[in-house]
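>
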Amino acid sequence: MEELNELETTLLNGLVQKYPSLKSHLSHLKVSKRGVSGFSFYVNFAYVDFSEEPEMINALFSNGEKIEIPALKEGLSYVIDVTAGIIEHVEFSTYKEKWDGTFGEYRIVESETGN
Numbered sequence: 042m043e044e045l046n047e048l049e050t051t052l053l054n055g056l057v058q059k060y061p062s063l064k065s066h067l068s069h070l071k072v073s074k075r076g077v078s079g080f081s082f083y084v085n086f087a088y089v090d091f092s093e094e095p096e097m098i099n100a101l102f103s104n105g106e107k108i109e110i111p112a113l114k115e116g117l118s119y120v121i122d123v124t125a126g127i128i129e130h131v132e133f134s135t136y137k138e139k140w141d142g143t144f145g146e147y148r149i150v151e152s153e154t155g156n
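So the sequence shown is numbered by the numbering used here: it starts at 42 and just counts up by one.
#1: Measure the alpha-carbon distance for Lys64 versus Gly126 and round it to whole angstroms.
#2: Could you tell me the boundaries of the beta strand (DSSP E) in which Asn85 lies?
#3: Would the beta-carbon of Phe102 fall within 7 Å of that of Leu56?
#4: Rounded to whole angstroms, how far is the Cβ of Val77 from the Cβ of Gly142, which I believe are closer than 8 Å?
#5: Buried or exposed: where does Lys114 fall if 16 or more other Cβ atoms within 10 Å of its Cβ makes it buried?
#6: Report the start-end ranges of each beta strand (DSSP E) in the region 47-84 that is 3 residues or longer and not cut off at the edges.
#7: I'd like the span of the beta strand (DSSP E) that includes Thr143, first residue to last.
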């Protein structure tokens, strides 16, 4: 398993702003898998040494933001999946552009559509 990268940590910090009870989860999260599937890139999480009873939160969180990267004209949308109080994964999606899943430099901006 791998450590979370800067972008993943930044997005998860946005999540805990809205759902403060999830803050204690962050230090227990590791990346179990990263991979491209179609127009999406998934980051799956696993918990390490976590014994709390999770609060029953079910959410798809995006904070009304998109991610700009040089390789994509339209950038990326993202959604963080929280199911039964467990942070499951982040899905990054292109706007139908082919992409190899490499981020490099990025910038998080408010989505023009607010979605």
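Idealized CB from N, CA, C, for every residue including glycine.
Note that the structure is a prediction, hence the values are computed from the model and not measured.
In brief:
#1: Those two C-alpha atoms are separated by around 11 Å.
#2: Segment 81-88, the beta strand (DSSP E) holding Asn85.
#3: With contacts defined as CB atoms closer than 7 Å, Phe102 and Leu56 qualify as a contacting pair.
#4: In this structure Val77 touches Gly142 by the C-beta definition: roughly 4 Å separates them, less than 8 Å.
#5: With fewer than 16 other Cβ atoms within 10 Å, it is exposed.
#6: Counting only runs of 3 or more, we get 70-78.
#7: That residue, Thr143, is in no beta strand (DSSP E); it is neither H nor E in DSSP.
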